[in-house]
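Note that our numbering has the sequence shown beginning at 6, numbered continuously upward.
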Amino acid sequence: MYLINNINKGLRKTAEYYSEEMRLIMADAGAVLLFIVAMVIYPVVYSIGYSGEVIKDLPVAVVDLNHSSLSRQYSRMLDATEQIHVVCKPGSLKEAESLFYEGNIKGIVLIPDDFEKNILQGIQSNVTVYCDASYFLIYKQVYAGAAYSTGTLSAGVEIKKLLAQGRDLNQALDQRDPLKTNIISLYNPSAGYGSFIMPGVLLIILQQTLLIGIGLLGATTREKIKNRNLIVQPLTRGGSITAVLGKSLAYLVIYMFNVIFIMVVIPKWFSFPDKSGFLTTLFLTIPYILSISFLGITISVLFKKRAHALLFMVFLSNIILFFSGLSWPSAALPPLLYKIAHIFPSTLMIPAYLRVRIMGAPLSSVAYEYTFILIQMVVYFVLACLAYKFSSKKLARE
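Right under this line is the structure:
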């Protein structure tokens with residue numbers, strides 16, 4: 006009977022903390038902006054920005070020093086690719102260089118004056134492609150378009166020679182390409198940048214808005230106490246546990262709506278790859294959100310002012326993005342940095358989510374990541390309880 010009474014009392018206290026936290030959230034414009042408004046605006050804006058998936062029709066200049074029918078054919082083939090759009094044909098490389106530095110073009114293709122002559126004589130001819138390697142996506146597209154056009158023209162020339170030697174078309178094709186490569190693009194058929202980057206970015210948005218919002222709420226409470234606008238009630242036995250559970254439950258309820266929006270609405274709206282059911286994804290997401298909530302409560306005791314919470318969490322955002330493996334593979338990080346990256350739930354959640362959601366892998370394939378997130382959830386819960394208890398006692402003394 007004593008145990009049942011304690012459980013009922015704990016549930017009532019948890020419900021009180023849940024209601025109080027919900028009231029604080031709805032009364033705080035900053036928290037509403039982060040928890041609700043930002044979780045709608047950020048995913049939509051990012052998704053619209055990446056909706057093109059791949060960069061097409063990059064402006065390129067062709068410097069044709071040969072002025073032959075074959076060089077003009079090559080120029081038309083360049084323009085026909087989806088990657089390149091030939092916008093001008095300067096008379097010299099110097100003129101094209103000026104256009105490049107002015108930002109009017111993204112690449113230069115130089116056709117030498119002996120282009121057709123060398124090809125007709127069976128001598129290898131060189132085409133020079135200048136592209137900006139400092140911007141990898143643009144470099145990749147210009148290079149790919151030029152390489153495809155060059156390969157197609159070279160194949161055509163060689164097949165014509167073989168046909169002239171008396172071989173039939175099939176023999177010529179087989180001799181030109183004795184080994185064919187069949188490339189199958191899995192999980193991201195269009196090789197789109199949006200389909201690659203957005204699933205991971207959405208998880209980071211979930212994490213960062215929640216961490217920043219919890220930090221703001223914690224700092225707001227301390228500001229009110231300092232200004233004598235709020236009286237600290239002493240914690241009862243086990244009070245830190247019910248407080249942490251009640252607060253985290255409030256965050257979980259709000260973020261379940263956000264999860265539905267970014268994991269159901271956004272993928273369908275923008276046609277992002279999706280090979281898993283929502284319930285399977287939810288199984289991964291709930292401990293992820295709880296881990297973030299407990300981590301946020303733990304960190305929030307460090308902030309005495311709202312500005313401190315905002316500055317610190319925004320400072321962490323770039324680091325967390327780097328640790329996520331989206332801009333650089335996590336496994337390629339130095340061992341020490343890779344271990345530090347495991348502090349943040351997103352580090353292992355992102356690869357697990359991608360395998361389940363994008364690749365359609367079963368949950369058993371992400372057992373390690375899921376177990377690690379569960380351990381994080383337990384560890385951060387204990388730390389949150391200890392941090393909240395210590396902070397409450399300190400504030401009561403002040």
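Built from N, CA and C at the ideal position, the CB exists for glycine as well. This one's a predicted model, so the numbers in the text were calculated from it and none came from an experiment.
Terminal residues of the alpha helix (DSSP H) in which V42 lies: Careful: V42 lies outside any alpha helix (DSSP H) and carries neither H nor E.
Task: I219 beta carbon less than 8 Å from that of G330 - done: No; because the gap between Cβ atoms is not below 8 Å, this pair is not in contact.
Review point. So is K111 buried or exposed if we call it buried at 16+ other beta carbons inside 10 Å?
Key: Looking at its Cβ environment, which holds 16 or more other Cβ atoms inside 10 Å, K111 is buried.
* To do: Tell me C136's beta-bridge partners as DSSP assigns them.
  => As DSSP reads the structure, C136 sits in a beta bridge with G112.
Would P278 be called buried (16 or more neighbouring beta carbons within 10 Å of its own) or exposed? Classification of P278: buried, given that the 10 Å Cβ count is 16 or more.
* To do: May I ask you to report which of helix, strand or coil DSSP gives D473?
  => Lying before the first or after the last residue shown, residue 473 is absent from the chain, which here runs from 6 to 403.
For the candidate residues A169, I267, N109 and L184, whose alpha-carbon lies nearest to that of V49?
Between V49 and the set A169, I267, N109 and L184, the nearest pair of CA atoms involves I267.
Which two residues bound the contiguous alpha helix (DSSP H) that contains L38? Taken as a continuous stretch (DSSP letters only), L38 belongs to no alpha helix (DSSP H), as it is neither H nor E.
State the CB to CB distance for the pair G197 and V59, rounded to an integer number of angstroms; the pair is presumed to be in contact (CB under 8 Å).
With 8 Å as the limit, G197 and V59 qualify as a contact, their Cβ atoms being about 6 Å apart.
request  = Measure the CB-CB distance between V68 and A101 and report whether it falls below 8 Å.
outcome  = Yes.
Residue of I291, Y385, E107 and S281 minimising C-alpha distance to M364
Closest by alpha carbon: S281.
Report the rounded CA-to-CA distance for L368 versus I378, giving the unit in angstroms. For L368 and I378, the gap between their C-alpha atoms comes out near 13 Å.
Original post:
Skipping 5 residues on each side, what residues in its chain have a beta carbon closer than 6 Å to that of M318?
Top reply: Contacts found: L216, I217 and G220.
query = Which residues share a DSSP beta bridge with D69?
reply = Partner(s): I116.
Nearest candidate by alpha-carbon position, reference P406, set A346, M31, R227 and F386:
Within the shown structure, residues of the chain are numbered from 6 to 403, placing residue 406 beyond reach of any answer.
DSSP state of P292, grouped into three classes? P292: helix per DSSP, three-state reduction.
Proximity to W274 [Cα-Cα], best of Q212, Y55 and L16
Residue Y55 is the option with its Cα nearest to W274.
Requested in this report: Inspect the CB distances between the segment 201-212 and the segment 306-318 and report whether three or more fall short of 8 Å.
Outcome: The segment 201-212 vs the segment 306-318: no contact.
message = Could you tell me the alpha carbon to alpha carbon distance between N263 and E163, rounded to whole angstroms?
response = Between N263 and E163, the alpha-carbon positions lie close to 58 Å from each other.
Note down the Cα distance separating F120 from A160, rounded to an integer number of angstroms. Going by the C-alpha atoms only, they are around 16 Å apart.
- Query: Taking the DSSP output, what are the residues bridged to D90?
  - Reply: The sequence shown places His at residue 90, not Asp. Beta bridge pairing from DSSP links H90 with P64.
So, A224 versus K145, is the Cβ gap smaller than 8 Å?
The answer is no: Cβ separation not under 8 Å.
Check: How about S396 and Q212: are their beta carbons less than 8 Å apart?
Finding: Against a cut-off of 8 Å, the Cβ pair of Q212 and S396 comes out as no contact.
Buried or exposed: where does N234 fall if 16 or more other Cβ atoms within 10 Å of its Cβ makes it buried?
Note that N234 scores 45 on pLDDT, short of 50, meaning its location in the model is unreliable and no value can be drawn from it.
Contacts around I236, its chain only, beta-carbon distance under 6 Å, and the 5 residues preceding and following it disregarded: Residue confidence for I236 is low, a pLDDT of 41 falling below 50, so the modelled location carries little weight; the figure read from the coordinates is stated next. Non-local beta-carbon contacts of I236 in its own chain, meaning distances under 6 Å to residues more than five positions away in sequence, are absent.
At the level of alpha carbons, what is the spacing between L16 and M27?
Straight across, the Cα-Cα distance linking L16 with M27 is about 16 Å.
Under a Cβ-count criterion, where at least 16 other Cβ atoms within 10 Å of its own Cβ denotes burial, should Y140 be classed as buried or exposed? Its Cβ having fewer than 16 others within 10 Å, Y140 is exposed.
CB of T214 within 8 Å of CB of A43, strictly: Result yes, Cβ atoms of T214 and A43 sit closer than 8 Å.
**Prompt:** Of all the options L250, F320 and E374, which has the alpha carbon lying nearest to the alpha carbon of A20?
**Reply:** Measuring C-alpha to C-alpha distances from A20 to each of L250, F320 and E374 identifies L250 as the nearest.
Take the Cβ of F40 as the centre, count every other Cβ of all protein chains shown within 10 Å, and call the residue buried at 16 or more, exposed below.
Burial call: buried.
Discussion item. What would DSSP say about K14, mapped onto helix, strand or coil?
Written reply: If DSSP states are grouped into helix, strand and coil, K14 belongs with the helices.
- Which residue spans inside the segment 324-397 form an unbroken alpha helix (DSSP H) run of at least 4? Restricted to the segment 324-397, the alpha helix (DSSP H) segments that are unbroken, complete and at least 4 residues in length are 340-346 and 351-358, listed in chain order.
Practice prompt. Have a look at V45, L254 and Y358 and flag the residue whose alpha-carbon is nearest the alpha-carbon of L284.
Written response: When only C-alpha atoms are compared, the closest one is Y358.
Discussion item. Can you tell me where the alpha helix (DSSP H) holding R81 begins and where it ends?
Written reply: Residues S74 to A85.
Problem set entry | Cβ distance (whole Å) where K14 is taken to contact S245 below 8 Å | Contact between K14 and S245 does not hold, since their C-beta atoms are separated by about 15 Å, which reaches or exceeds 8 Å.
**Q.** Among P272, L222, L326 and S322, the one whose alpha carbon lies nearest that of T303
**A.** Comparing Cα-Cα distances from T303 to each of P272, L222, L326 and S322, the minimum goes to L222.
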